[in-house]
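**Q** Letter by letter, the sequence shown follows residues 972 to 1061 of my numbering. Yeah, the Cβ is synthetic: ideal placement off N, Cα and C, and Gly gets one too. To start, I am sharing the structure in question, which I have written as structure tokens.
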Amino acid sequence: MRLVLTSDGRIAAQRDGGWVDVSAAFDDIPYRAAADRMPRIMGVLAGRREQAEALAASGAVEPAGEVQAPVPRPTKLIAAFGNYREGTDR
């Protein structure tokens, strides 16, 4: 299941070329900022996967509009730049 943050802050799953709102499966998880939300959801996803998949299967598909990166501000980018440089040297 591929999860995204919509531009209005909802959690959605990809289906049939669009997105289905599955926020109800994760609404009780506290968070302070958008960057904090997805890592917390990933921490409980194993226990809520069935509920999220049921919502994704039964929900209305919305056209794929603006979505955000699942983790808006990733914390570990140090190696990414080194890997990029190594790739360009080949």
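(1) Select from I982, D987, P1034 the residue whose C-alpha is nearest the C-alpha of D1007.
(2) Mind checking whether R1011 and I1000 have CB atoms under 7 Å apart?
(3) Assign G1105 to one of three DSSP states: helix, strand, or coil.
(4) Return the Cβ separation of A1031 and V993 in integer angstroms, given the expectation that the two are a contact with Cβ distance under 8 Å.
(5) Mark A996 as exposed unless 16 or more other C-beta atoms lie within 10 angstroms of its C-beta, in which case mark it buried.
(6) Rounded to whole angstroms, what's the CA-CA distance from E1033 to A1027? Just pull it up for me.
(7) For the candidate residues V1015, G988, M1009, whose alpha-carbon lies nearest to that of G1036?
(8) Check R986 in the structure and name its three-state DSSP category.
**A** On the basis of the supplied data:
(1) I982
(2) yes
(3) No answer is possible for residue 1105: the residues shown for the chain start at 972 and end at 1061.
(4) With a Cβ gap of about 12 Å, A1031 and V993 do not count as contacting.
(5) Per the 10 Å Cβ criterion, buried.
(6) Across the structure, E1033 and A1027 are spaced so that their CA atoms are roughly 11 Å apart.
(7) If you compare the alpha carbons of V1015, G988, M1009 with that of G1036, the shortest gap goes to G988.
(8) strand
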